[in-house]
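Here the sequence shown stands for residues 16 to 199, numbered as in my numbering. Report on one structure; see the data block that follows.
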Amino acid sequence: MPWRRKLFHFSGILIPILHVGAGVPRRWVLGILTAMTAGFFLVDLLRAFMPTLQERFRTLLKAILDPKDMQGLNGTTLYFSGMTLAVWLFPDPAVSMSGVLALAVGDPAAALVGSSVKSPRWGRVSLAGSAACFVGATAGAAVFQPFARALMAGAAATLLEAFSGSKLDNLVIPVGVAACLRLL
C-alpha cells in the first residue's frame, strides 16, 4: 500500500480547516466537494470507454494507485462522494466535519498500521488496523465532539471500515459517522 495514497487521504483534513477554521461557507465547501466528485467521476467514466486514457491514468498515478482502482470507480471518487454527501446531508458542521475527519484520519491510520503490524484478522481487516482506525477516527471526531460522542464516532468508523468492503469505506465512513452522531 503506497504511503503517498494514504498521505493524500489524510489531506481530507483540509475540508474542516477550510469550512470551520477559515470560515468558508457551507455552500462553497459543497461546491468544491461537488466539483471534485464530478471531476473524478468524469475521469472514471472516460477511462472506462477510452483504453488510452486508462493506460495514461495507470502510468501517471501508479505511485498512489491501489490495484483495485483500475476497475470501476476509483477510490478517490468514492472518497470525495462520501465527504460531499456528509456535508450535504448534515448541515451542522460539528456533525459533518466529524465524519470527514473520521475518514481522513481513521482510514489511513487503519491502512498504515494494518499493513505494517502483524496481528490477528477479523473478516477482511486486522485487529491492529481496526485499533488504529478507532484511535484515529476518535481523535478526528474529538475536534468537534465531546469525548463520549467522539468514542461513538470512532466505533462507528471502525465498524464501517471493517465491514463496508473494498473502496466503499471511503463512501460510508463520513456519512455513517455523521448519521451516528446526528442520531445520538
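Here a beta-carbon is modelled for each residue, glycine too, at the ideal position from N, C-alpha and C.
- Per the Cβ contact rule, the stretch 142 to 160 is not in contact with the stretch 97 to 105 (fewer than 3 Cβ pairs under 8 Å).
- The beta carbon of A143 sits closer than 7 Å to those of V128, G129, V132 and S134, all from its chain and outside the five residues before and after it, given in chain order.
- For R41, the enclosing alpha helix (DSSP H) has its first and last residue at R41 to F64.
- Look at the stretch 81 to 108 and you find these whole runs of alpha helix (DSSP H), each 4 residues long or longer: 90 to 104.
- Straight-line measurement puts the Cα of G87 at about 32 Å from the Cα of L198.
- Per the C-alpha coordinates, the member of M51, R20 and A165 positioned closest to M112 is A165.
- By the criterion of a C-beta distance shorter than 7 Å, A154 is surrounded in its chain by V120, once the five residues flanking it on both sides are discounted.
- The closest CA to that of L183, considering only T49, G27, G90 and P66, is found on G90.
- Around F56, the same chain offers T92 as residues with beta carbons nearer than 7 Å, after the five sequence neighbours per side are excluded.
- With a cutoff of 8 Å on beta-carbon distance, F159 and A117 are scored as not near each other.
- Residues of the same chain with a CB within less than 7 Å of the CB of M85, apart from the 5 flanking positions on each side, are R73 in chain order.
- Between V190 and L100, the C-beta gap is smaller than 8 Å, which places the two residues in contact.
- Non-local C-beta neighbours of R62 in its own chain, meaning closer than 8 Å and more than five positions away in sequence, comprise L68, Q69 and F72, ordered along the chain.
- In this structure, the CA atom of L48 is about 33 Å from the CA atom of W137.
- For A171 and F25, the gap between their C-alpha atoms comes out near 19 Å.
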